[in-house]
Amino acid sequence: MKRVLLGTAACFSLLFQGAAAQAQDAVSDVAPVPAAAVENPEEPSGPALWMLADEDTTIYLFGTVHALPREVKWRVGPVEQALEYSSTLVTEIPGDAITDPSSQQMIAAKAMLSGDKTMRDLLDADQRVSYETAMSKLGLPVDAFDRFEPWFAGMTLAMLPLLKAGYDMDSGVEKVIEKDLSPQVTRDALETIGFQIDMFDQLPMQSQISFLMSSAENIESVSPMMDKMVAEWMEGDADGLAALLNEGLTDPVLTNILLYNRNAKWAEWIDNRMDKPGAVFVAVGAGHLAGEKSVQYYLTQRGFRVERVQ
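The sequence shown begins at 47 in my numbering and counts up one residue at a time.
Rendered as structure tokens:
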């Protein structure tokens with residue numbers, strides 16, 4: 047299960063932000079942007095950007111990283127132009143969902159383990175040793191997450207090394223876009239935070255434990271691997287990023303629920319949105335736009351031509 051936690055927590059879900067927070071205690075659409083309005087360089091430069099368009103609708107697809115070091119500068123060239131021309135921003139979940147007190151309460155309620163057993167009681171002897179060793183390396187009491195379900199403990203455990211290494215939620219792509227984009231730009235979302243919470247909460251227990259153990263067993267490689275992912279992302283190397291993200295996705299349940307099923311649903315949403323005029327900037331975790339069965343794959347299955355513009 048190597049790298050599965052980064053592949054899911056860092057790039058597949060905005061619950062990345064929710065876990066980190068826990069760890070740290072109506073405008074009409076404008077005309078679409080003509081294809082010529084965005085540069086189409088011979089060689090990709092900067093994070094990857096794709097586009098699909100018809101006579102009155104343009105939809106941009108931009109893969110994001112939900113937390114970044116503050117010094118990373120990614121708003122250049124075609125990406126900046128696409129943001130300026132777009133009249134609608136679409137993200138995985140609404141921008142204010144994580145900070146909404148009711149959302150925080152829902153996350154806390156869903157994350158709590160029911161019954162008398164602790165989370166460590168669900169682990170076998172070897173798993174327990176690996177988990178407690180990871181907690182000790184982070185300077186945390188081994189019982190700190192005993193009352194949480196494995197999915198939430200695993201996600202939070204994966205976040206802590208990144209926070210210590212200087213990764214910042216406020217520097218994440220969605221946060222930066224939301225902060226800088228005009229309030230006149232319409233906001234929309236592909237999912238609700240309730241859906242994303244349930245996605246993890248309803249995972250079979252064995253998949254939750256696999257998720258947790260991937261985090262625990264790779265606690266020292268989380269930050270170096272994330273550095274490599276961000277480097278691939280900044281270079282616009284979608285294939286290289288896919289290799290890093292998806293190499294560890296060996297649990298078919300996790301892969302289908304957290305990645306492929308959602309990509310197919312998002313392609314359906316984009317298909318329906320193409321029936322309305324306007325320019326739309328879709329910003330979702332980079333893992334959804336890279337590798338096998340990406341959003342672009344499902345769009346091509348629906349007959350769309352998806353063009354790489356950066």
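Glycine included, C-beta positions come from ideal geometry on N, C-alpha and C.
{"Query": "Where does N86 fall in DSSP's three states?", "Result": "Residue confidence is low: N86 scores 44 on pLDDT, short of 50, so the model does not pin down where it sits. No coordinate-derived value is stated."}
{"Query": "Beta-carbon separation of F198 and A235 under 8 Å?", "Result": "no"}
{"Query": "Is the beta carbon of L107 closer than 8 Å to that of V357?", "Result": "The question about residue 357 has no answer, for the chain in this structure spans 47 to 356."}
{"Query": "Apart from the five residues just before and just after W120, which ones in its own chain have a Cβ nearer than 6 Å to its Cβ?", "Result": "P93"}
{"Query": "Measuring CA to CA, which of V136, A288 and T301 is closest to S256?", "Result": "T301"}
{"Query": "I believe M280 touches V118 by the beta-carbon criterion, under 8 Å. Please report the beta-carbon distance rounded to the nearest angstrom.", "Result": "7 Å"}
{"Query": "Tell me the residue span of the alpha helix (DSSP H) that contains G212.", "Result": "Counting along the chain, G212 falls outside any alpha helix (DSSP H), and DSSP gives it neither H nor E."}
{"Query": "Name the two residues that bound the continuous beta strand (DSSP E) containing W96.", "Result": "L95 to A99"}
{"Query": "Helix, strand or coil: how does DSSP classify F350 here?", "Result": "coil"}
{"Query": "Looking only at DSSP bridge pairs, what is A235 linked to?", "Result": "T137"}
{"Query": "Taking 8 Å as the threshold (C-beta atoms), are I265 and L209 in contact?", "Result": "no"}
{"Query": "Just to confirm the assignment, what range does the alpha helix (DSSP H) spanning Y177 have?", "Result": "A171 to K183"}
{"Query": "A171: buried (16+ other C-beta within 10 angstroms of its C-beta) or exposed?", "Result": "exposed"}
{"Query": "How would you call T137, buried or exposed, if buried means at least 16 neighbouring beta carbons within 10 angstroms?", "Result": "buried"}
{"Query": "Can you say whether D297 is buried or exposed, counting buried as having 16 or more other CB atoms within 10 angstroms of its CB?", "Result": "buried"}
{"Query": "Around the C-beta of F246, are 16 or more other C-beta atoms found within 10 angstroms, so that it is buried, or is it exposed?", "Result": "buried"}
{"Query": "Alpha helix (DSSP H) containing F257: first to last residue?", "Result": "M251 to E263"}
{"Query": "Based on the DSSP output, what are the partners of Q105 in its beta bridges?", "Result": "One detail in the question is off: residue 105 reads as Ile in this sequence, not Gln. The partner list for I105 (beta bridge, DSSP) reads L98 and V326."}
{"Query": "Going by other Cβ atoms of all chains shown within 10 Å of its Cβ, with 16 needed for buried, is K225 buried or exposed?", "Result": "exposed"}
{"Query": "Specify whether the segment 123 to 131 and the segment 202 to 219 touch according to this definition: at least 3 beta carbon pairs, one from each stretch, less than 8 Å apart.", "Result": "no"}
{"Query": "Suppose the cutoff is 7 Å on Cβ atoms and the five residues either side in sequence are ignored; what does the same chain contact list for G161 look like?", "Result": "none"}
{"Query": "Under three-state DSSP, which class holds F191?", "Result": "coil"}
{"Query": "According to DSSP, is G337 part of a helix, a strand, or is it coil?", "Result": "coil"}
{"Query": "With 8 Å set as the bound, which would you pick, yes or no: does the beta-carbon of A289 sit closer than that to a beta-carbon of chain D?", "Result": "The structure shown contains no chain D; it is built from a single protein chain."}
{"Query": "Could you tell me the distance, in whole angstroms, from the CA atom of M215 to the CA atom of A113?", "Result": "4 Å"}
{"Query": "Name, in chain order, the residues that DSSP records as bridge partners for L114.", "Result": "D214"}
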